[in-house]
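**Student:** Each residue of the sequence shown is one higher than the last, beginning at 14 in my numbering. Just dropping this structure here.
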Amino acid sequence: MKLRLIVELRRYGATETMERLPLEGQTQDVLGIPIRKVLIPVASGRNLAVLTEAAVRNTILQLRGIDTMRDFLQRHQRQMSGG
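Next up, the structure:
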């Protein structure tokens with residue numbers, strides 16, 4: 014089995030600024046191999062299983078060539094322009 018995703022859970026603090034929708038993917042080197050990395054801000058009462066599953070599903074779609082972030086931004090732009 015190959016490592017394809019690192020999920021980092023970080024406590025969300027008011028003093029820390031975190032990019033909510035990173036436009037560029039993050040990676041972390043493990044034994045010289047770049048591995049995709051997702052940083053998820055967590056707080057009390059959040060469902061970690063659902064957040065982690067969403068990150069995994071998004072990574073699977075990216076590996077298949079589907080860019081969910083680009084699709085989201087295009088739909089958002091269409092709604093904002095009234096079309």
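Cβ coordinates follow ideal geometry from the N, Cα and C atoms, glycine included.
Between the region 66 to 77 and the region 49 to 58, do at least 3 Cβ pairs fall closer than 8 Å?
**Tutor:** Contact between the region 66 to 77 and the region 49 to 58 is established, with three or more Cβ pairs separated by less than 8 Å.
**Student:** What does a CB cutoff of less than 7 Å around Gly38 pick up in its chain, not counting 5 residues either side in sequence?
**Tutor:** Arg49
**Student:** Among the residues of its own chain, which have a CB less than 6 Å from the CB of Val20, if the five just before and after it don't count?
**Tutor:** For Val20, where only same-chain residues beyond five positions count, the Cβ hits under 6 Å are Val51, Thr65, Ala68.
**Student:** Tell whether a beta-carbon distance below 8 Å holds between Leu22 and Val43.
**Tutor:** no
**Student:** Give the straight-line distance between the Cα atoms of Met93 and Leu16, rounded to the nearest whole angstrom.
**Tutor:** If I take the Cα positions, the gap works out to 39 Å.
**Student:** Nearest by alpha-carbon distance to Leu18: which of Ile79, Asp80, Pro47, Asp84 is it?
**Tutor:** Pro47
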